[in-house]
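Numbering (the working numbering), first residue to last: 2 to 151.
Just so it is clear, CB atoms sit at the ideal spot from N, CA and C, and this is done for glycine as well.
Here the structure is laid out as structure tokens; the discussion comes afterwards.
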């Protein structure tokens, strides 16, 4: 099985387990902020939505353009999306649907495109391959899903 298909399989397992885990979190717990400047569980999931959105762009654009600049300012994205006042069921569903779309893209990502690059540098060039972004996306997802479960 090629790299993208292995990642797709792993992402499906992560998504399905997370959706089960989410059922065990009371609605009120999603809104709790450990400190005023820290993200709530809902905002962390919103951050994962933003990450999915930016990575989905990389996985698509990176197949037909080399070195495209796609910069992501996480704090601004969470703030301006206003996840904290969004219904948690909507946030969960949006996260699931974006990951469903990433799975579809990975399912059709040719092996010879994995070395294509995108630039994520803020003020300087930082090129990374699509394979790097796929691995990083899954690691990032696992990290924050553990925070949500805690």
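Selection from the options that minimises the alpha carbon distance to residue i
i	options	result
residue 52	151, 146, 142	142
residue 133	60, 70, 94, 18	60
residue 98	28, 120, 17	17
residue 138	25, 49, 26, 23	49
residue 128	96, 95, 92, 63	63
residue 54	25, 77, 96, 121	96
Cβ pair residue i, residue j closer than 9 Å
i	j	result
residue 44	residue 34	yes
residue 136	residue 19	no
residue 32	residue 39	no
residue 108	residue 6	yes
residue 4	residue 112	yes
residue 131	residue 119	yes
Inter-residue Cα distance where the pair is residue i and residue j
i	j	result
residue 87	residue 75	18 Å
residue 72	residue 114	20 Å
residue 65	residue 36	43 Å
residue 100	residue 57	9 Å
residue 85	residue 28	12 Å
residue 117	residue 69	10 Å
residue 94	residue 23	11 Å
residue 151	residue 67	39 Å
residue 121	residue 92	26 Å
beta-carbon residue i near the ligand FMN non-hydrogen atom, thresh 8 Å
i	result
residue 143	As presented, the structure is devoid of all ligands, the ligand FMN included, so that no description of it is given.
Practice task
Could you tell me whether the segment 10 to 23 touches the segment 95 to 107, using the rule of 3 or more Cβ pairs below 8 Å?
Solution key: Short answer: they touch.
Practice task
Would you check if there are 3 or more beta carbon pairs closer than 8 Å linking the segment 77 to 84 to the segment 130 to 147?
Solution key: Taking a cut-off of 8 Å on C-beta distances, the segment 77 to 84 does not touch the segment 130 to 147, as fewer than three cross pairs fall below it.
Problem - Length-filtered (4 minimum) alpha helix (DSSP H) runs lying within the segment 14 to 60 - result: 28 to 32, all fully within the segment 14 to 60.
Exercise for the section: Output the residue ranges of the alpha helix (DSSP H) runs that lie fully inside the segment 68 to 122 and measure 4 residues or longer, sorted by chain position. Expected result: The segment 68 to 122 contains these whole alpha helix (DSSP H) runs: 75 to 82, 89 to 108.
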